[in-house]
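Q: One structure, pasted below without further comment.
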Amino acid sequence: MVEFKELLILVYLNEFRDTYLLSEIKELCNFSINQMKKSLDDLTSKGMLSSNTGRLALTNKAELFLKDKNLLNVSITDLFQQDTVTLKFIEKPLSFVDTYIPKDFKL
Numbered sequence: 271m272v273e274f275k276e277l278l279i280l281v282y283l284n285e286f287r288d289t290y291l292l293s294e295i296k297e298l299c300n301f302s303i304n305q306m307k308k309s310l311d312d313l314t315s316k317g318m319l320s321s322n323t324g325r326l327a328l329t330n331k332a333e334l335f336l337k338d339k340n341l342l343n344v345s346i347t348d349l350f351q352q353d354t355v356t357l358k359f360i361e362k363p364l365s366f367v368d369t370y371i372p373k374d375f376k377l
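When we follow this note's numbering, the leftmost residue of the sequence shown carries the number 271, and every step to the right adds one.
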């Protein structure tokens with residue numbers, strides 16, 4: 271099982287391959303240095319990362335995992351550069367005095 275932040279690491283490393291920065295991984299996941307080291311070690315022990323050459327690299331297992339989750343072509347850069355999306359659910363906004371009952375609410 272892969273944690274969400276570990277998934278972010280895999281997507282990031284898939285995009286940047288040999289040009290990754292550990293400082294960017296640390297910032298992306300809001301890790302302390304120890305947390306980042308633990309996550310990278312966990313991914314290595316799960317067979318998702320290798321560091322044979324002294325650089326982190328995705329294994330075939332990690333690439334197949336990302337492909338299975340339809341994340342092989344996801345770009346971290348694009349995710350953070352998209353404009354904010356505002357969804358319109360109702361025509362007239364609720365005020366603080368209105369009673370809000372969620373759809374399919376049951377007691």
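Glycine included, each C-beta is placed from N, C-alpha and C at the ideal position.
Please read all numbers here as calculations on a predicted model, not as lab measurements.
What residue does the alpha helix (DSSP H) around glutamate 276 start on, and which one ends it?
A: From DSSP, the alpha helix (DSSP H) with glutamate 276 extends over 274-286.
Q: Take leucine 313 as the anchor and find which of Ile303, Ser302 and Leu326 has the nearest alpha-carbon.
A: The option with the nearest alpha carbon to leucine 313 is Leu326.
Q: Tell me which residues share the same chain as leucine 277 and place their Cβ nearer than 6 Å to its Cβ, disregarding the 5 neighbours each side in the sequence.
A: Around leucine 277: no qualifying Cβ.
Q: Exposed or buried, what is valine 281 when buried is set at 16 or more other beta-carbons lying within 10 Å of its beta-carbon?
A: With 16 or more other Cβ atoms within 10 Å, it is buried.
Q: Can you name the residues that DSSP bridges to serine 365?
A: The partner list for serine 365 (beta bridge, DSSP) is empty, contrary to what the question assumes.
Q: List the DSSP bridge partners of leucine 319.
A: DSSP output for leucine 319 lists Leu328 as bridge partner(s).
Q: Between the segment 284-291 and the segment 326-337, are three or more C-beta pairs nearer than 8 Å?
A: Judged by Cβ distances under 8 Å, the segment 284-291 makes contact with the segment 326-337, as three or more pairs qualify.
Q: What whole-angstrom Cβ distance do lysine 316 and methionine 306 have, given they're in contact under 8 Å?
A: No, lysine 316 and methionine 306 are not in contact; Cβ-Cβ is about 16 Å, not under 8 Å.
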